[in-house]
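Chemist: Counting in numbering that gives the first Met the number 0, the sequence shown runs from 0 upward without gaps. A virtual CB, placed ideally from N, CA and C, is assigned to each residue, including glycine. Attaching a single structure in structure tokens format; questions to follow.
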Amino acid sequence: MIKLGDVATYINGYAFKPEDRGEVGLPIIRIQDLTGNAYDLGFYNGDYPKRIEINDGDVLISWSASLGVYVWNRGRALLNQHIFKVEFDKVNIDKSYFVYAVRQKLAEMAMKTHGATMKHIVKKDFEETLIPYPSQKKQIEIGTNLDKIANIIAARKQQLELLDELVKARFVEMFGDENNSKNWNIINVENVADVQVGIVIKPSQYYTNKGNGVKAFRSLNIGEGFIKDNDWVYFTEEGHNKNSKSIVKENDLLIVRSGAPGTACVVTEKYTGYNAIDIIIVHPDCEKINPYYLCYFTNMQHGKKQINEGTSGAAQQHFNVGKYNKLRLMLPPKELQDEFADFVHQIDKSKVNYYYKNRKDGFPPLLLIYSVTTIINLSDY
């Protein structure tokens, strides 16, 4: 075993100010630019310390808000704060092996995070973290094998994305384009749903440890048409009950307000009773509107175009309850909406079945859902 601090030097990025961000120069890379959640890449055209420059092949570690390890491959850029650049200057270690070993340890590191509203890893804790340190030959073997598995996962994800595109194509086929090419009646969302917002005032005062708390949704848990079942925060029972108005139910819609405004998903039975923080909560009248129809309308250009017109805030796009209430909604017959929802459910079943059929690759089906390094224990080597 070896401490991460004995493996390499970890260089933190620069705290660029909002006024530093422009439209020319080198791109400024923030955590959201690594995770794929960025919509407003900024550039810097001035002097900078050489240590914050990144190039293809550099290993980057985000240590605040969202913990992750990335290999940069998008050309010369500048590193923002809350991200380490790894300088391999202390021992011989295979870079690919290092990436997988650190990814495996991130869950352990997350237990050491500090801060109520933004979790982060203290550098001292990070550098004290141990990873297995086998021979160079074994490192290369492990890294190569995990690269192969990662490539299989990437191919599977691409195939699953094609199923998502099929659902979107079906939506347009059944309901027309965002210009209402099928001439449906137009209403406002408020005519078929009650809209509110989750907890916005100091939600961290209700936080507790994982073992004895109630899960609460944040923007991080909302994907485009699906729920991201990780990175949960937990409320005390008292805090949960005190905020009963933001407890979600099956068939509610949850919509992101900031960062990626308008991203929506439907609450399924599994998540009934969870709480919600700083996201829009929609209670649809299921006699008038199918929640899955409303969800896809919101996620597609039909709703997204209106939402983008209704966001505000220079530093971060923001979407509010009033704007969603007034969203113009095409209202096809309920039976047609239900038919579309049935199609969505069939595609979801196909995704699940896909994980389990033909295990010819020799890997567990859950490997296609979770990171390989949560399954393969490198300490066994």
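1. Whole angstroms is fine: what's the gap from Asn229's alpha carbon to Asn220's?
2. Which value, in whole angstroms, describes the spacing of the CA atoms of Pro331 and Pro17?
3. When you compare the CB positions of Ile226 and Asp251, do they come within less than 7 Å of one another, or not?
4. For Arg29, count neighbouring C-beta atoms within 10 Å of its own C-beta (all shown protein chains included) and say buried if the count is 16 or more, exposed if not.
5. Starting from Phe225, trace the beta strand (DSSP E) in both directions and tell me its first and last residue.
6. Using 8 Å as the cut-off, can you tell me whether the segment 68-86 makes contact with the segment 35-52, which would need three or more C-beta pairs spanning the two stretches below that distance?
7. Would you list the one or two residues that DSSP bridges to Ser63?
8. Please tell me whether Val85 and Val121 are closer than 7 Å, where the distance is taken between their beta carbons.
9. Who are Met329's beta bridge partners in DSSP?
10. In the DSSP output, which residue or residues are listed as bridge partners for Leu253?
11. Should Gly12 go down as buried or exposed, given a rule of 16 or more other Cβ atoms within 10 Å for buried?
12. Run through the DSSP bridge pairs and tell me what Asn274 is partnered with.
13. Measure the C-alpha to C-alpha separation of Ile254 and Pro131 and round it to an integer number of angstroms.
14. Alpha carbon to alpha carbon, how far is Gly35 from Tyr295? Give it in angstroms, no decimals.
15. Alpha carbon to alpha carbon, how far is Gly212 from Ala275?
16. Tell me Gly35's beta-bridge partners as DSSP assigns them.
17. In the DSSP output, what is Gly21 paired with across the bridge?
18. Using a Cβ distance threshold of 8 Å, determine whether the segment 166-186 contacts the segment 339-347, with at least three qualifying pairs required.
19. Check for me: the alpha helix (DSSP H) holding Leu3 runs from which residue to which?
20. Give me the DSSP bridge partner(s) of Leu129.
21. Which residues mark the beginning and the end of the beta strand (DSSP E) in which Asp230 is found?
22. Excluding the five sequence neighbours on either side, which residues of its own chain have a C-beta within less than 7 Å of the C-beta of Gly302, listed in chain order?
23. Cα-Cα, which of His81, Glu177, Leu3 is closest to Asp124?
24. Could you check where the alpha helix (DSSP H) with Gln138 kicks off and where it finishes?
25. Please tell me whether Val194 and Tyr323 are closer than 7 Å, where the distance is taken between their beta carbons.
26. Whose C-beta lies closer than 6 Å to the C-beta of Val23 among residues of the same chain, with five residues either side of it excluded?
27. Tell me which residues share the same chain as Pro421 and place their Cβ nearer than 6 Å to its Cβ, disregarding the 5 neighbours each side in the sequence.
28. Per DSSP, Gln195 is paired with what?
29. Reducing DSSP to helix, strand and coil, say where Ala76 ends up.
30. I'd like the list of long-range same chain contacts for Thr267, defined as Cβ closer than 8 Å, with 5 residues on each side in sequence excluded.
31. Report the rounded CA-to-CA distance for Gln80 versus Asp337, giving the unit in angstroms.
32. Quick check: what's the CA-CA separation for Asn178 versus Asn298?
33. Under a three-way DSSP split, which group does Gly312 fall into?
34. Should Thr128 and Lys94 be called a contact, given that it needs their Cβ atoms to be closer than 7 Å?
35. Would you kindly report the start and end of the unbroken beta strand (DSSP E) that includes Phe296?
36. How long is the line joining the alpha carbons of Glu237 and Trp231, rounded to whole angstroms?
Modeler: So, to answer that:
1. Taking the first residue of the sequence shown as 1, we reach residue 229 at position 230. Taking the first residue of the sequence shown as 1, we reach residue 220 at position 221. So the alpha carbons of these two residues sit roughly 7 Å apart.
2. Counting from one through the sequence shown, the residue named residue 331 turns up at place 332. Counting from one through the sequence shown, the residue named residue 17 turns up at place 18. Rounded to whole angstroms, the separation of the alpha carbons of Pro17 and Pro331 is 44 Å.
3. Position 227 of the sequence shown holds residue 226. Position 252 of the sequence shown holds residue 251. Taking 7 Å as the cut-off, the beta carbon of Ile226 is found no closer than this to the beta carbon of Asp251.
4. Taking the sequence shown and counting its residues from 1, one reaches residue 29 at position 30. When all chains shown are included, Arg29 counts as buried.
5. Along the sequence shown, one-based indexing puts residue 225 at 226. Note, Phe225: premise wrong, no beta strand (DSSP E); not H, not E.
6. At 8 Å Cβ cutoff, the stretches touch.
7. Within the sequence shown, numbered from 1, the residue matching residue 63 stands at position 64. According to DSSP, Ser63 bridges with His119.
8. Here residue 85 refers to the residue found at position 86 when the sequence shown is read from its first residue. Here residue 121 refers to the residue found at position 122 when the sequence shown is read from its first residue. Cβ atoms of Val85 and Val121: not closer than 7 Å.
9. In the sequence shown, counting from the first residue as 1, residue 329 sits at position 330. Met329 is bridged to Ile185.
10. Counted from its first residue, the sequence shown places residue 253 at position 254. Beta-bridge partners assigned by DSSP to Leu253: Cys264, Ile280.
11. In the sequence shown, the residue the question calls residue 12 occupies position 13. Result: buried.
12. As a first step, residue 274 must be located in the sequence shown, where it is residue number 275. Checking the DSSP bridge columns, you'll see Asn274 partnered with Ala215.
13. Against the sequence shown, residue 254 aligns to sequence position 255. Against the sequence shown, residue 131 aligns to sequence position 132. Roughly 41 Å between the two C-alpha positions.
14. Taking the first residue of the sequence shown as position 1, residue 295 is located at position 296. Taking the first residue of the sequence shown as position 1, residue 35 is located at position 36. For Tyr295 and Gly35, the distance between alpha carbons rounds to 21 Å.
15. Position 213 of the sequence shown, counted from the first residue, corresponds to residue 212. Position 276 of the sequence shown, counted from the first residue, corresponds to residue 275. Between Gly212 and Ala275, the C-alpha separation is close to 14 Å.
16. Looking up residue 35 in the sequence shown gives position 36. Answer by DSSP bridge pairing: none, since Gly35 is not bridged.
17. As a position in the sequence shown, residue 21 is number 22, starting the count at 1. Bridge partners of Gly21: Phe42.
18. When Cβ pairs closer than 8 Å are counted between the two stretches, the segment 166-186 is seen to touch the segment 339-347, the count reaching three or more.
19. As a first step, residue 3 is located in the sequence shown; it is residue number 4 there, counting from the start. Premise fails: Leu3 is in no alpha helix (DSSP H) and is neither H nor E.
20. Looking up residue 129 in the sequence shown gives position 130. When beta bridges are read from the DSSP output, Leu129 appears opposite Lys2.
21. Taking the first residue of the sequence shown as 1, we reach residue 230 at position 231. Taken as a continuous stretch (DSSP letters only), Asp230 belongs to no beta strand (DSSP E), as it is neither H nor E.
22. In the sequence shown, counting from the first residue as 1, residue 302 sits at position 303. Here Gly302 has Gly261, Phe296, Leu326 as same chain residues with Cβ atoms under 7 Å from its own Cβ, once five neighbours each way along the sequence are excluded.
23. Here residue 124 corresponds to residue number 125 of the sequence shown, with the count starting at 1. Nearest C-alpha to Asp124: Leu3.
24. By one-based count along the sequence shown, residue 138 stands at place 139. That run of the alpha helix (DSSP H) goes 135-174.
25. Against the sequence shown, residue 194 aligns to sequence position 195. Against the sequence shown, residue 323 aligns to sequence position 324. Yes, Cβ-Cβ distance for Val194 and Tyr323 is below 7 Å.
26. Counting from 1 along the sequence shown, the entry for residue 23 is found at position 24. The answer, listed in chain order, is Phe42, Asn44.
27. Here the chain comprises residues numbered 0 to 380, so residue 421 is not present and cannot be evaluated.
28. Translated into the one-based positions of the sequence shown, residue 195 becomes position 196. Assignment of beta-bridge partners to Gln195 by DSSP yields Ile280.
29. Taking the sequence shown and counting its residues from 1, one reaches residue 76 at position 77. Residue state, collapsed to three classes: strand.
30. Walking along the sequence shown from the start, residue 267 turns up at place 268. Cβ contact annotation for Thr267 (same chain, cutoff 8 Å, sequence separation greater than five): Ile226, Glu249, in chain order.
31. Start at 1 with the first residue of the sequence shown, and residue 80 comes out as number 81. Start at 1 with the first residue of the sequence shown, and residue 337 comes out as number 338. When rounded, the distance between both Cα atoms is 47 Å.
32. Here residue 178 refers to the residue found at position 179 when the sequence shown is read from its first residue. Here residue 298 refers to the residue found at position 299 when the sequence shown is read from its first residue. Taking the straight line from one Cα to the other gives about 15 Å.
33. On the sequence shown, residue 312 is found 313 positions in, with the first residue counted as 1. With a pLDDT of 47 at Gly312, under the threshold of 50, the predicted position of this residue should be treated as unreliable, and no value is reported.
34. Within the sequence shown, numbered from 1, the residue matching residue 128 stands at position 129. Within the sequence shown, numbered from 1, the residue matching residue 94 stands at position 95. In this structure, Lys94 does not lie closer than 7 Å to Thr128 by Cβ.
35. By 1-based counting over the sequence shown, the position of residue 296 is 297. Looking at the DSSP string, Phe296 is not in any beta strand (DSSP E); the run it does join, the alpha helix (DSSP H), is 290-298.
36. Translated into positions along the sequence shown, residue 237 becomes position 238. Translated into positions along the sequence shown, residue 231 becomes position 232. Using only the alpha carbons, I get a separation of about 18 Å.
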